[in-house]
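J.: One structure follows; several queries about it will come next.
Protein chains: 2
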Amino acid sequence: MNIGFIGLGVMGSPMAGHLIAAGHSVFLNRVKPVCQHLVEQGGTPLDSARAVAQAADIIILMLPDTPDVDAVLFGPNGVAEGLSKGKLVIDMSSISPVQTQAFAARLADLGCDYLDAPVSGGELGAKNAALTIMCGGTTAAFERARPLLELMGKNITLVGDVGAGQTCKVANQIIVGLTIAAVSEAMTFAKAAGADPAKVREALMGGFAASRILEVHGERMINRTFDPGFRIRLHRKDLGLAVDGAKALNLALPNTATTQQLMNTAIARGDGDKDHSALILTLEALAGQTG
Amino acid sequence: MNIGFIGLGVMGSPMAGHLIAAGHSVFLNRVKPVCQHLVEQGGTPLDSARAVAQAADIIILMLPDTPDVDAVLFGPNGVAEGLSKGKLVIDMSSISPVQTQAFAARLADLGCDYLDAPVSGGELGAKNAALTIMCGGTTAAFERARPLLELMGKNITLVGDVGAGQTCKVANQIIVGLTIAAVSEAMTFAKAAGADPAKVREALMGGFAASRILEVHGERMINRTFDPGFRIRLHRKDLGLAVDGAKALNLALPNTATTQQLMNTAIARGDGDKDHSALILTLEALAGQTG
Chain B
-8 MNIGFIGLGV MGSPMAGHLI AAGHSVFLNR VKPVCQHLVE QGGTPLDSAR
42 AVAQAADIII LMLPDTPDVD AVLFGPNGVA EGLSKGKLVI DMSSISPVQT
92 QAFAARLADL GCDYLDAPVS GGELGAKNAA LTIMCGGTTA AFERARPLLE
142 LMGKNITLVG DVGAGQTCKV ANQIIVGLTI AAVSEAMTFA KAAGADPAKV
192 REALMGGFAA SRILEVHGER MINRTFDPGF RIRLHRKDLG LAVDGAKALN
242 LALPNTATTQ QLMNTAIARG DGDKDHSALI LTLEALAGQT G
Chain L
-8 MNIGFIGLGV MGSPMAGHLI AAGHSVFLNR VKPVCQHLVE QGGTPLDSAR
42 AVAQAADIII LMLPDTPDVD AVLFGPNGVA EGLSKGKLVI DMSSISPVQT
92 QAFAARLADL GCDYLDAPVS GGELGAKNAA LTIMCGGTTA AFERARPLLE
142 LMGKNITLVG DVGAGQTCKV ANQIIVGLTI AAVSEAMTFA KAAGADPAKV
192 REALMGGFAA SRILEVHGER MINRTFDPGF RIRLHRKDLG LAVDGAKALN
242 LALPNTATTQ QLMNTAIARG DGDKDHSALI LTLEALAGQT G
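Keeping their order, the protein sequence lines are chains B and L. For the first sequence, my numbering gives the first residue as -8, with consecutive numbering after it. For the second sequence, my numbering gives the first residue as -8, with consecutive numbering after it.
Dropping the structure here:
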């Protein structure tokens, strides 16, 4: 199949690699020297997003944020200029659910289908083709995309209509971020009150406080191993999608907003490129705890 | 063994019942008509906490809050007046870790040992002798208490010195409360953005957002089954222990404080005696969602 892949970053590069390895004709844009191996493996570099959209039947995007997707789709020499009726755009970036619906509507006017399909699982998940993929769109678009998504991920769900994939991803990031904050506050309290956080974590693992975060990130907090993993800087961006979405939808997400503020402090402290479990360092600093 | 049990509420009554059923001599105080079956089963009612402390070698407390424990221990005709050297007080109430250390020190002056042993697992756990019990005290006190604790619970941990059990319980309530708030915010966002919360929950269960709270309380939120379970009113009290403890220890717990505020609103809305998963109703109300 003729596939376009735009956004060859830490995530996109191995994802595109899986599509090439499966024998698809993959058209690439903005191939930096660090991605030259994708061309050697058989990918075709083209000089614009427009050219990629012209050459491919399905165009996949994996970009940093909402404005990047906007620019690649609708900017000069963008995807929209190269699209023709019947093509499918799959946006695997993590961006605004509200804007996603607007993008899909504009592409529908060109006779093209749209699937939002953001992922979780990080760099390791991308490399191992083990990403969790949360999709929004029609069943037809989902079924058309599925064989490609299965080359990149494992737990692939159609959550609902266009935007529902992004909404699900935001919900994921809210829960993960706020659970990290919860475990951070609990452990900071335990430490200040003179209890051993490691023993507290053990005692809590069997009950209602149990979570993947307490298990994995709680252990990181205790062992002080804060190599990413998923960087605080990126999680702050995702909570920004939640906060911006909340504003657009007129709803209050108080703990999400506060946790984003705590991530601001974390970045101000120089922890932006540490794993998000390092949020506990900010809580500890607020408690006057050091080391 | 001669055991005193003071605090025959929803939790204490079945807990005392297990001790009587195991053949211990159990001395009770303030036996209301609803607990008369404990006397029929063999419990001995006495007319003061002081008399209970005189009759028993080990005195167990299961009371609502810090001031209740203070009054029963040190008030007129209280436990302290009936104690003599070598006796052990086990406080299974959920109260202030800081005050717990003060209580233990005062009893140590009388030559008595102290174990804080708060529980989680609720009324059902108490009835089924399946409570999780988090202990703080010396190893000697813990080993002396253990045979009795094993009649009431299953997952029994010595977390650290006196106060560490209460600290662990507070940490548990922080994590549980904040995770409920996290799932509530995520589901409210999903609903407002037009996604089906049930499908979002399903998609998230396999990843880093997975928790016992998402599993059990997330399902309650979707099915709107808010019978307790654990009442918001009681959880607010426990977050009060966290907030008061944070003040005593000069540390900031921003999401804990905000979640306690949300529980204030939940109680103002008339949801105080609903299960704590009903916190989502407050988030939905803040979003203008109804029903």
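The beta-carbon is built from N, C-alpha and C at its ideal position, and this holds for glycine as well.
Which runs of the alpha helix (DSSP H) fall wholly inside the stretch 34 to 113 of chain L and span at least 4 residues, in chain order?
T.: 40 to 46, 57 to 65, 70 to 73, 88 to 99
J.: Would you report the Cα separation of L/Ala239 and L/Val89, rounded to the nearest angstrom?
T.: 8 Å
J.: Report the residue from B/His15, B/Met53, B/Gly66 whose alpha carbon sits nearest the alpha carbon of B/Ser39.
T.: B/Gly66
J.: By DSSP, does L/Leu225 sit in helix, in strand, or in coil?
T.: helix
J.: Is the shortest distance between the beta-carbon of L/Arg227 and the beta-carbons of chain A less than 8 Å?
T.: Considering every chain present, this structure includes no chain A. Its protein chains are B and L.
J.: Taking only beta-carbon positions, decide if L/Arg137 is within less than 8 Å of chain B.
T.: When Cβ-Cβ separations below 8 Å define contact, L/Arg137 makes no contact with chain B.
J.: Could you tell me the alpha carbon to alpha carbon distance between B/Pro4 and B/Leu169, rounded to whole angstroms?
T.: Checking the sequence, you will find Ser at residue 4 of chain B rather than Pro. Spanning the two alpha carbons is a distance of roughly 30 Å.
J.: Distance, Cα to Cα, B/Leu139 vs B/Asp48?
T.: 12 Å
J.: What are the boundary residues of the alpha helix (DSSP H) that includes L/Cys26?
T.: Unbroken run through L/Cys26: none, as it is neither H nor E.
J.: Can you give me the C-alpha to C-alpha distance between L/Thr179 and L/Gln157, rounded to a whole angstrom?
T.: 33 Å
J.: Quick one: list the residues of chain L neighbouring B/Leu270, beta-carbon separation under 8 Å, in chain order.
T.: Ordered by position in chain L, no residue passes the 8 Å Cβ test against B/Leu270, which lies about 11 Å from the chain.
J.: Run down chain B in chain order and give the residues with a C-beta less than 7 Å from the C-beta of L/Lys190.
T.: Val150, Gly151
J.: Strictly by DSSP, which residues pair up with B/Ile(-6)?
T.: When DSSP reads this structure, B/Ile(-6) sits in a beta bridge with B/Val17, B/Ile49.
J.: Three-state secondary structure (DSSP) at B/Asp218?
T.: coil
J.: Where L/Ala286 and L/Gln32 are concerned, what is the direct C-alpha to C-alpha distance, given to the nearest angstrom?
T.: This structure cannot settle anything about residue 286 of chain L, because the visible part of chain L is limited to -8 through 282.
J.: Using the beta-carbon of each residue, which ones in chain L are nearer than 8 Å to B/Ile165?
T.: Ala173, Glu176, Ala177, Phe180
J.: Run through DSSP, which three-state label would L/Asp266 get?
T.: strand
J.: Determine the extent of the alpha helix (DSSP H) in which B/Leu253 is found, giving its start and end residues.
T.: 245 to 259
J.: Straight-line CA distance for B/His226 to B/Ser202?
T.: Distance between the alpha carbons of B/His226 and B/Ser202 is about 19 Å.
J.: Taking CB distances under 8 Å as the criterion, tell me whether L/Val161 reaches chain B.
T.: yes
J.: Within 10 angstroms of the Cβ of B/Lys182, are there 16 or more other Cβ atoms? Answer buried if so, exposed if not.
T.: Counting of Cβ neighbours within 10 angstroms places B/Lys182 among the buried residues, the total reaching 16 or more.
J.: With 9 Å as the limit, tell me which residues of the stretch 208 to 237 of chain B have their beta carbon closer than that to any beta carbon of chain L; keep them in chain order.
T.: Residues passing the 9 Å Cβ filter: His208, Phe221, Ala233, Gly236, Ala237.
J.: So what does L/Leu115 bridge to, in DSSP terms?
T.: For L/Leu115, which the question treats as bridged, DSSP gives no partner whatsoever.
J.: Could you tell me the distance, in whole angstroms, from the CA atom of B/Gly8 to the CA atom of B/Leu29?
T.: 6 Å
J.: Residues of the stretch 190 to 204 of chain L with a CB closer than 8 Å to any CB of chain B: list them in chain order, please.
T.: Answer set for the stretch 190 to 204 of chain L: Lys190, Val191, Glu193, Ala194, Leu195, Gly197, Gly198, Phe199, Ala200, Ala201, Ser202, Arg203, Ile204.
J.: Measuring CA to CA, which of B/Ala136, B/Glu114, B/Ser85 is closest to B/Asn(-7)?
T.: B/Ala136
J.: Note the first and the last residue of the continuous beta strand (DSSP E) segment covering L/Asn163.
T.: DSSP places L/Asn163 in no beta strand (DSSP E) but in the uninterrupted alpha helix (DSSP H) bounded by 155 to 183.
J.: Please state whether the Cβ-Cβ distance between L/Ala108 and L/Cys126 is less than 8 Å.
T.: yes
J.: What residue range does the alpha helix (DSSP H) around L/Met6 cover?
T.: 3 to 12
J.: Taking a Cβ distance cut-off of 7 Å, strictly less, list which residues of the stretch 90 to 113 of chain L are near chain B, in chain order.
T.: Ser111
J.: Going by DSSP, what residue range makes up the beta strand (DSSP E) through L/Val207?
T.: Segment: none, L/Val207 is in no beta strand (DSSP E) and carries neither H nor E.
J.: Using Cβ-Cβ distances below 7 Å, what residues of the stretch 238 to 251 of chain L are close to chain B?
T.: Leu240, Asn241, Leu242, Ala243, Leu244, Pro245, Asn246, Thr247, Thr249, Thr250
J.: What number of angstroms, rounded off, separates the C-alpha of L/Gly69 from the C-alpha of L/Val63?
T.: 5 Å
J.: According to DSSP, simplified to helix, strand and coil, what is B/Gly151?
T.: Correct three-state label for B/Gly151: strand.
J.: Using a beta-carbon distance below 8 Å, is L/Ala259 in contact with chain B?
T.: no
J.: Does DSSP classify B/Pro139 as helix, strand or coil?
T.: Checking the sequence, you will find Leu at residue 139 of chain B rather than Pro. Helix at B/Leu139.
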